[in-house]
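Chains as they are written, first to last, in our numbering: chain R, 394 to 559; chain Y, 33 to 390.
Cβ coordinates follow ideal geometry from the N, Cα and C atoms, glycine included.
Working notes, structure below.
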Amino acid sequence: MEKLINEFSIGLFFWQLVLFIGLVLLLRKFAWKPILDAVEKREGGIKDALDAAEKAKLDMTNLQADNEKLLKEARAEREAMLKEARDIKNKMIEDAKGEAQEQANKMIEQAQAAIESEKKSAMAELKNHVAGLSLEIAEKVVRTELSNKDKQLELVESMLAEKTSK
Amino acid sequence: MQNIISRKTICLLFLMVTTFSFAKEEKHEGEGDIKTEIKEYISHHLLDSHDFSLFSYTTDSGEHKYIGFPLPVILWDNGLKVFSSSQFHHGESVAEVDGDYYTLYHNKVYKTDAEGTITLDDHHHPTNVKPIDFSVTKNVFTIFLVGLLMFFVFSRMAKKYKTNSLPKGIGRGLEPIILYIRDDIAVPNIGEKKYKKYMPYLLTVFFFIWIINLLGLTPLGVNVTNNIAVTLALALITYFLTTFTANKNYWGHIFWMPGVPWPMKIILAPIELLGTIIKPFSLMIRLYANITAGHIVLMSIIGLMFIFKNWIGSPLSFGLAFALSLLELLVAALQAYIFTMLSALYFGMAVEEHHDDH
Numbered sequence: 394m395e396k397l398i399n400e401f402s403i404g405l406f407f408w409q410l411v412l413f414i415g416l417v418l419l420l421r422k423f424a425w426k427p428i429l430d431a432v433e434k435r436e437g438g439i440k441d442a443l444d445a446a447e448k449a450k451l452d453m454t455n456l457q458a459d460n461e462k463l464l465k466e467a468r469a470e471r472e473a474m475l476k477e478a479r480d481i482k483n484k485m486i487e488d489a490k491g492e493a494q495e496q497a498n499k500m501i502e503q504a505q506a507a508i509e510s511e512k513k514s515a516m517a518e519l520k521n522h523v524a525g526l527s528l529e530i531a532e533k534v535v536r537t538e539l540s541n542k543d544k545q546l547e548l549v550e551s552m553l554a555e556k557t558s559k
Numbered sequence: 033m034q035n036i037i038s039r040k041t042i043c044l045l046f047l048m049v050t051t052f053s054f055a056k057e058e059k060h061e062g063e064g065d066i067k068t069e070i071k072e073y074i075s076h077h078l079l080d081s082h083d084f085s086l087f088s089y090t091t092d093s094g095e096h097k098y099i100g101f102p103l104p105v106i107l108w109d110n111g112l113k114v115f116s117s118s119q120f121h122h123g124e125s126v127a128e129v130d131g132d133y134y135t136l137y138h139n140k141v142y143k144t145d146a147e148g149t150i151t152l153d154d155h156h157h158p159t160n161v162k163p164i165d166f167s168v169t170k171n172v173f174t175i176f177l178v179g180l181l182m183f184f185v186f187s188r189m190a191k192k193y194k195t196n197s198l199p200k201g202i203g204r205g206l207e208p209i210i211l212y213i214r215d216d217i218a219v220p221n222i223g224e225k226k227y228k229k230y231m232p233y234l235l236t237v238f239f240f241i242w243i244i245n246l247l248g249l250t251p252l253g254v255n256v257t258n259n260i261a262v263t264l265a266l267a268l269i270t271y272f273l274t275t276f277t278a279n280k281n282y283w284g285h286i287f288w289m290p291g292v293p294w295p296m297k298i299i300l301a302p303i304e305l306l307g308t309i310i311k312p313f314s315l316m317i318r319l320y321a322n323i324t325a326g327h328i329v330l331m332s333i334i335g336l337m338f339i340f341k342n343w344i345g346s347p348l349s350f351g352l353a354f355a356l357s358l359l360e361l362l363v364a365a366l367q368a369y370i371f372t373m374l375s376a377l378y379f380g381m382a383v384e385e386h387h388d389d390h
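This is the structure we're talking about:
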């Protein structure tokens, strides 16, 4: 301890105090303040940039959600349109089918009617023809074989009527 | 003989310690003399000096030669006396200024007569008049140099920020340290709101102690932080900054400790008051003792080389000194860190806001 006090140099103490305080003041003005300010400014800039990036990310997510929604809507709309078209098609087919059926039925009916009338006329013609033929046959038979013509004819007539009514 | 000299020289170069006089090798001295000489050399090395000598040697004719340069001597002895330290001839002659005679005795300036007589008392202390010595000594010169270096480096670094927000060159290495002091020393100890006004001091004291401790490990042979005057000056600044920026809450805790019965308050007040002085005192002693101890041990180990004059001594001494030098590198930074950290802690106590939790 005595050695310490003995070695203590007031001059060195004085110079250290003066030089060091001077150094602190000088460095505060010319070094520490500009450096710390610049660093702080930079850190602020980095923070702002990070915040902006975060915000952009959020916007992006929102935008994506919107897009998704739009896409979904469009898909539903397409679906609906397709369904409608399909329905129309089915209906058209159905209608056409019905119409065609109707037309066909009508035609069939007409044909049937025509066939019926034709059949009737053919039958009448056939009757007449057969009657004629029968008369001819009967004439020939009567000419050659039968004496009582009127009796014979009556007989044939009654027989034919019996035949046709069958 | 030649062998021993070259081995020593190489080791000296390796250790980058140019502090031992080459002259000693030429003499055939007894072991006891060498031990005493080493002891004296170490204590001499730890002292400040009035000239900046890098090393000295003795010529064949016995003349002492010093390599270095003289520094101004400034004395207050009934008026300011300024003269070059070269007038002392390294303590070998008496300097005459305006009819007064001064001489060096154990690196201290004493007033003397034309013959340079020094009268000693029973305790071997000179009784001559000691003028107040404001000389620019080796340490003052080093402090000034370090200040200049710091100003140059950091103001240049600050200028770079004007054009670019990112550090360039040496700033790349220094910026993380500055940020470390801000984010891990100042902010946690002082608080987010008030740390800014202490930053210039904390940054300056950290870099100052660190650089000057590192310089102490170089072969320049300067030891600034092992002077109690230097550490006292630094600790005093911390003390005054703490005292003059302290708020009401801090003084309240010292003089009238809240939350304890009143007899305790009376007992605690002087203890707390003493504590405010002990805190910077411990700062002063810690830095001084760590650096001084490091220098003494390192130099003693190097000195071993000259005591063991055989093949095992030099490698052993070299290995130990090398390991210790690495440790001292760590201590240099650690002491700077501790000083800064504790200063920040004391500032934090001074500006702490009132809490109700005690």
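For residue 455(R), count neighbouring Cβ atoms within 10 angstroms of its own Cβ and tell me buried if that reaches 16, exposed if not.
-> Residue 455(R) sits at position 62 when you count from the first residue of the first sequence. It is exposed - the Cβ of residue 455(R) has fewer than 16 other Cβ atoms within 10 Å.
Using Cβ-Cβ distances below 9 Å, what residues of the stretch 165–177 of chain Y are close to chain C?
-> Of the protein chains in this structure, namely R and Y, none is chain C.
Any residues in the stretch 432–466 of chain R with a beta carbon nearer than 9 Å to a beta carbon of chain Y? Which ones, in chain order?
-> 432, 434, 435 and 438
Does the separation of the CB atoms of residue 364(Y) and residue 428(R) fall below 8 Å?
-> Reading the second sequence from its first residue, position 332 is the one you call residue 364(Y). Reading the first sequence from its first residue, position 35 is the one you call residue 428(R). No; because the gap between Cβ atoms is not below 8 Å, this pair is not in contact.
Enumerate in chain order the residues of its own chain whose CB-to-CB distance from residue 83(Y) is below 8 Å, with the five nearest sequence positions on each side excluded.
-> For this step, residue 83(Y) is matched to residue 51 along the second sequence. Around residue 83(Y): 98, 100, 101, 102, 103, 117, 118, 120, 122 and 170.
Run through DSSP, which three-state label would residue 297(Y) get?
-> Locating residue 297(Y) in the second sequence gives position 265, counting from the first residue. Of the three classes helix, strand and coil, the one that applies to residue 297(Y) here is helix, per DSSP.
Integer Cβ distance of residue 293(Y) from residue 284(Y), believed to fall under 8 Å = Counted from its first residue, the second sequence places residue 293(Y) at position 261. Counted from its first residue, the second sequence places residue 284(Y) at position 252. Actually they do not touch by this definition, with Cβ atoms about 16 Å apart.
Under 9 Å from the C-beta of residue 259(Y): neighbouring residues of chain R = Reading the second sequence from its first residue, position 227 is the one you call residue 259(Y). Within chain R, the residues near residue 259(Y) are 400, 401, 402, 405, 406 and 409.
Taking three-plus beta-carbon pairs below 8 Å as touching, is the stretch 266–278 of chain Y in contact with the stretch 308–318 of chain Y?
-> yes
Roughly how far, in whole angstroms, is the beta-carbon of residue 78(Y) from the beta-carbon of residue 245(Y), given that I think they are within contact range, below 8 Å?
-> As a first step, residue 78(Y) is located in the second sequence; it is residue number 46 there, counting from the start. As a first step, residue 245(Y) is located in the second sequence; it is residue number 213 there, counting from the start. Going by Cβ atoms, the distance from residue 78(Y) to residue 245(Y) rounds to 14 Å, so no, they are not a contact pair.
Taking only the alpha-carbon atoms, compute the straight-line gap between residue 132(Y) and residue 286(Y) and give it to the nearest angstrom.
-> Taking the second sequence and counting its residues from 1, one reaches residue 132(Y) at position 100. Taking the second sequence and counting its residues from 1, one reaches residue 286(Y) at position 254. C-alpha separation (whole angstroms): 51 Å.
Quick one: is residue 61(Y) near chain R, going by C-beta distance under 8 Å?
-> Stepping through the second sequence from its first residue, residue 61(Y) is reached at position 29. Interpretation of residue 61(Y) is limited by its pLDDT of 45, a score under 50 that renders its predicted location unreliable; the figure taken from the coordinates is listed afterwards. Residue 61(Y) does not count as touching chain R.
CB contact below 8 Å: residue 421(R) versus chain Y | Within the first sequence, the letter at position 28 stands for residue 421(R). It does: the Cβ of residue 421(R) has a partner Cβ on chain Y nearer than 8 Å.
Three-state class that DSSP yields for residue 290(Y) in the structure shown | The residue given as residue 290(Y) occupies position 258 in the second sequence. Correct three-state label for residue 290(Y): coil.
What number of angstroms, rounded off, separates the C-alpha of residue 166(Y) from the C-alpha of residue 109(Y)?
-> Residue numbering aside, residue 166(Y) sits at position 134 when the second sequence is read from its first letter. Residue numbering aside, residue 109(Y) sits at position 77 when the second sequence is read from its first letter. Each residue's alpha carbon lies about 11 Å from the other.
Residue 172(Y) versus 497(R), 408(R) and 459(R), residue with shortest Cα-Cα distance = Counted from its first residue, the second sequence places residue 172(Y) at position 140. Residue 408(R) is the option with its Cα nearest to residue 172(Y).
Mind checking if residue 210(Y) is an interface residue toward chain R, Cβ cutoff 8 Å exclusive?
-> In the second sequence, residue 210(Y) corresponds to position 178, counting from 1. It does: the Cβ of residue 210(Y) has a partner Cβ on chain R nearer than 8 Å.
List the whole-angstrom C-beta distance separating residue 222(Y) from residue 212(Y), where the pair is believed to meet the contact cut-off of C-beta under 8 Å.
-> Sequence index remark: in the second sequence, residue 222(Y) carries index 190 (1-based). Sequence index remark: in the second sequence, residue 212(Y) carries index 180 (1-based). About 15 Å; that fails the 8 Å criterion.
Is there a Cβ from chain Y that is less than 8 Å from the Cβ of residue 475(R)?
-> What you label residue 475(R) is simply residue 82 of the first sequence in a count that begins at 1. No, because no Cβ of chain Y sits closer than 8 Å to the Cβ of residue 475(R).
Does the beta carbon of residue 117(Y) sit closer than 8 Å to a beta carbon anywhere in chain R?
-> Counting from one through the second sequence, the residue named residue 117(Y) turns up at place 85. No, residue 117(Y) does not count as interfacial toward chain R.
For residue 96(Y): DSSP bridge partner residues | As a first step, residue 96(Y) is located in the second sequence; it is residue number 64 there, counting from the start. Partner(s): 90(Y).
Considering only C-alpha positions, which residue in the set 71(Y), 67(Y), 68(Y) and 85(Y) is nearest to residue 253(Y)?
-> In the second sequence, residue 253(Y) corresponds to position 221, counting from 1. Looking at the Cα atoms, 85(Y) is the closest of the given residues.
Within-8 Å CB hit, residue 412(Y) to chain R | Here chain Y comprises residues numbered 33 to 390, so residue 412(Y) is not present and cannot be evaluated.
DSSP three-state call for residue 226(Y): helix, strand or coil?
-> Translated into the one-based positions of the second sequence, residue 226(Y) becomes position 194. Coil at residue 226(Y), not helix or strand.
Sorted by chain position, which residues of the same chain lie with C-beta nearer than 7 Å to residue 381(Y)'s C-beta, five sequence neighbours on each side aside?
-> For the purposes of this step, residue 381(Y) is taken as the residue at position 349 of the second sequence. Within the same chain, residue 381(Y) has close Cβ partners 282.
Would you decide whether residue 214(Y) is buried or exposed? Buried here means 16 or more other CB atoms lie within 10 Å of its CB.
-> Translated into the one-based positions of the second sequence, residue 214(Y) becomes position 182. Flag for residue 214(Y) reads buried.
At a CB-CB cut-off below 8 Å, which residues of chain R make contact with residue 266(Y)?
-> Start at 1 with the first residue of the second sequence, and residue 266(Y) comes out as number 234. Ordered by position in chain R, the residues that pass the 8 Å Cβ test against residue 266(Y) are 409 and 413.
When the cut-off is 8 Å and only beta carbons count, does residue 424(R) lie next to chain Y?
-> Taking the first residue of the first sequence as position 1, residue 424(R) is located at position 31. Chain Y, which has a Cβ nearer than 8 Å to the Cβ of residue 424(R), makes this yes.
Using the rule of at least 16 other Cβ atoms within 10 Å of the residue's Cβ for burial, across every protein chain shown, is residue 552(R) buried or exposed?
-> Position 159 of the first sequence, counted from the first residue, corresponds to residue 552(R). Classification of residue 552(R): exposed, given that the 10 Å Cβ count is below 16.
Evaluate residue 186(Y) with the Cβ neighbour count: other Cβ atoms within 10 Å of its Cβ, from every protein chain shown; 16 or more gives buried, anything less gives exposed.
-> To locate residue 186(Y), count along the second sequence from 1; it is residue 154. Per the 10 Å Cβ criterion, buried.
Does the distance from the CB of residue 137(Y) to the CB of residue 143(Y) come in under 8 Å?
-> As a first step, residue 137(Y) must be located in the second sequence, where it is residue number 105. As a first step, residue 143(Y) must be located in the second sequence, where it is residue number 111. No, they are not a contact pair.
Along the beta strand (DSSP E) that carries residue 200(Y), what are the first and last residues, could you check?
-> For this step, residue 200(Y) is matched to residue 168 along the second sequence. Careful: residue 200(Y) lies outside any beta strand (DSSP E) and carries neither H nor E.
Mind listing the chain R neighbours of residue 269(Y)? Cutoff is C-beta to C-beta under 9 Å, in chain order.
-> The residue you call residue 269(Y) lines up with position 237 of the second sequence. What residue 269(Y) touches in chain R: 410, 413, 414 and 417.
Whole-Å CB distance - residue 217(Y) paired with residue 234(Y), under 8 Å assumed = Counted from its first residue, the second sequence places residue 217(Y) at position 185. Counted from its first residue, the second sequence places residue 234(Y) at position 202. Going by Cβ atoms, the distance from residue 217(Y) to residue 234(Y) rounds to 7 Å, so yes, they are a contact pair.
For residue 197(Y) and chain R, any beta-carbon pair shorter than 8 Å?
-> For the purposes of this step, residue 197(Y) is taken as residue 165 along the second sequence, with counting starting at 1. Cβ-Cβ to chain R under 8 Å: yes for residue 197(Y).
Taking a cut of 9 Å between CB atoms, which residues from the stretch 216–240 of chain Y lie near chain R?
-> 228, 231, 232, 233, 235, 236, 237, 239 and 240
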